[in-house]
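Notes for the one structure printed next.
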Amino acid sequence: VVRQLRTSPNNKYEAILRAAIKVFARRGFFSSTVADIARHAGVADGTVYLYFKNKDDILVSIFNHIMDEVLQSIHREIAPLGDPIAKLRRIVARHLEGLGNDRDLAVVFQVELRHSTKFMEQFSATKVAEYLELIRTLIEDAQKLGKVRKEIDARVASKVLFGALDEMTTNWMLSKRKYSLASTAEPIFEIFLSGISNKEMEA
């Protein structure tokens, strides 16, 4: 689960980020102002500029800050798991649990970030690259154990899995039907796994 950003007055940086998530999710990135964020964070406008250059910088910082925390948490959670397939399964569950437990964050990640030219220009240099690299490495580890077909391109497969998670999150966020995003983790992973598994190994 994505750890909730602290809103302690002793940590104004995280308080500003948490306020920005709420403001961007509910008002939209373009309709929001730094003054809106400052007001929700309970700080002066000038305080925001001590930590961030502008509104775009706040948006990109939300993504990188959350992703940094998620990656650290994932590494801790999968470390005790020996099987790379089990590690991949946990990553899928973790991804959907985190966004499913914070709708405002999901809106920012799935919608508002994509409206930022600055973010899209820097996309490949963000923490997404590290996230995809982790998934790719685990797929390659599974290939070495004969659990995934050798001819599968691990780099492409990692993007396919990430794309599936991304799409399911967007569908959940936009759906009028109320359901748990986390409940889709296992079906998604099973479909992905059936596509890359070494059937001879399973026989």
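99 is the number that the working numbering gives to position 109 of the sequence shown; each next residue is one higher, with no gaps. Built from N, CA and C at the ideal position, the CB exists for glycine as well. All values reported here derive from a predicted model rather than from experimental measurement.
* **Cβ-Cβ separation, Asn188 to Arg126 (assumed contact under 8 angstroms), whole Å** => Here residue 126 refers to the residue found at position 136 of the sequence shown. Here residue 188 refers to the residue found at position 198 of the sequence shown. With 8 angstroms as the limit, Arg126 and Asn188 do not qualify as a contact, their Cβ atoms being about 17 angstroms apart.
* Where does Val101 sit, in a helix, a strand or coil, going by DSSP? -> Locating residue 101 in the sequence shown gives position 111, counting from the first residue. Coil at Val101, not helix or strand.
* **Backbone secondary structure at Ser63 - three-state DSSP** => Along the sequence shown, read from residue 1 onward, the residue named residue 63 stands at position 73. In the structure shown, Ser63 sits in a helix (DSSP, three-state: H, G or I).
* To do: Decide if Met158 is buried, meaning its Cβ has at least 16 other Cβ atoms within 10 Å, or exposed.
  => The residue labelled residue 158 in the question sits at position 168 within the sequence shown. So Met158 ends up on the buried side.
* Does the ligand SAM have a heavy atom nearer than 7 angstroms to the CB of Leu183? -> Inclusion of the ligand SAM in the displayed structure is not the case, the ligand content being empty and no account of it being possible.
* **Bounding residues of the alpha helix (DSSP H) (the contiguous stretch that carries Phe14)** => Locating residue 14 in the sequence shown gives position 24, where the first residue counts as 1. Phe14 -> alpha helix (DSSP H) spans 2 to 17.
* One or two residues paired with Ser51 in a DSSP bridge -> Start at 1 with the first residue of the sequence shown, and residue 51 comes out as number 61. Its beta-bridge partners do not exist; DSSP assigns none.
* **For Gln138: DSSP bridge partner residues** => In the sequence shown, counting from the first residue as 1, residue 138 sits at position 148. Gln is not the amino acid found at residue 138; the sequence shown has Val there. Paired residue(s): Ser187.
* Do you know how far the Cα of Val150 is from the Cα of Phe179? -> Position 189 of the sequence shown, counting from 1, holds the residue named residue 179. Position 160 of the sequence shown, counting from 1, holds the residue named residue 150. The straight-line gap from Cα to Cα measures roughly 11 angstroms.
* Asked: Looking only at C-alpha atoms, which of Ala96, Ser22, Asp73, Asn1 sits nearest to Gln133?
  -> Indexing the sequence shown from 1 puts residue 133 at position 143. Of the candidates Ala96, Ser22, Asp73, Asn1, the one whose C-alpha sits nearest the C-alpha of Gln133 is Asp73.
* **Inter-residue Cα distance where the pair is Ile142 and Ile75** => The residue given as residue 142 occupies position 152 in the sequence shown. The residue given as residue 75 occupies position 85 in the sequence shown. Looking at the two C-alpha atoms, the distance is approximately 15 angstroms.
* Reduced DSSP secondary structure (H/G/I, E/B, other) of Lys194 -> No answer is possible for residue 194: the residues shown for the chain start at -9 and end at 193.
* Where Leu71 falls, given that 16 or more other Cβ within 10 Å makes a residue buried -> As a working note, residue 71 is residue 81 in the sequence shown. The residue is exposed, with fewer than 16 neighbouring Cβ atoms inside 10 Å.
* Classification of Ala19 by the beta-carbon crowding that lies within 10 angstroms, buried from 16 upward -> Translated into the one-based positions of the sequence shown, residue 19 becomes position 29. The question names Ala, but residue 19 is Phe in the sequence shown. Looking at its Cβ environment, which holds 16 or more other Cβ atoms inside 10 Å, Phe19 is buried.
* Compare the Cα-Cα distances from Lys45 to each of Leu61, Lys77, Ala9, Phe182 and report the closest residue. => The residue labelled residue 45 in the question sits at position 55 within the sequence shown. Considering only alpha carbons, the answer is Ala9.
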